[in-house]
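Residue numbers (the working numbering): 750 to 916.
Built from N, CA and C at the ideal position, the CB exists for glycine as well.
What follows is the structure in structure tokens.
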């Protein structure tokens, strides 16, 4: 077991190092550490914080850039919004223009039908399939306690997560 008093200063120094870093020699992590990228993360965190009508899930994935061939992290955003598509597009494009949300990116459905979506059924699947599904589906590879953070992450935290993903 690690002693918390011993490891905390090391983590703090590591975070400070990431926060103060202005350039990188490693193209694999370049996208994570450039000062330009922290703007989006801080906008994302400040907007999503305390928005009860919006559930926004960020799903990071390691990918290879077509142009340079360098590995990077691409994040897919999946959201559930209690309101119309037009209202969501207006809100997102005013607050998070980097997402470039368009009408064709949205599906409108009843709250009940969202249960099939979050259970990984195709859009439009009738809710009656929920009565027939096994309690432990064969494709389930993990179980988690929750999908949400209870405290706000700093933009530096996202850099640390990205750094650890590449390890």
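In this structure the region 836–850 does not lie against the region 860–867, because fewer than three pairs of beta carbons, one per stretch, are closer than 8 Å. In the DSSP assignment, residue 803 falls within the beta strand (DSSP E) that extends over 803–813.
The Cβ atoms of residue 802 and residue 830 sit closer than 8 Å to each other. Under the 10 Å beta carbon count, residue 865 is surrounded by 16 or more other beta carbons and is classified as buried. Excluding residues up to 5 positions away in sequence, 823 lie with their Cβ nearer than 6 Å to the Cβ of residue 810 in the same chain. Looking only at 855, 876 and 906, the smallest Cα-Cα distance to residue 826 is reached by 855. Going by C-alpha positions, residue 828 is about 11 Å away from residue 808.
DSSP links residue 816 through a beta bridge to no other residue. Under the three-state reduction of DSSP, residue 821 is assigned to strand. A straight-line Cα-Cα distance of about 28 Å links residue 909 and residue 843.
Under the three-state reduction of DSSP, residue 866 is assigned to helix.
Beta bridge pairing from DSSP links residue 828 with 805. Membership of residue 834 in the alpha helix (DSSP H) is indicated by the continuous run 834–844.
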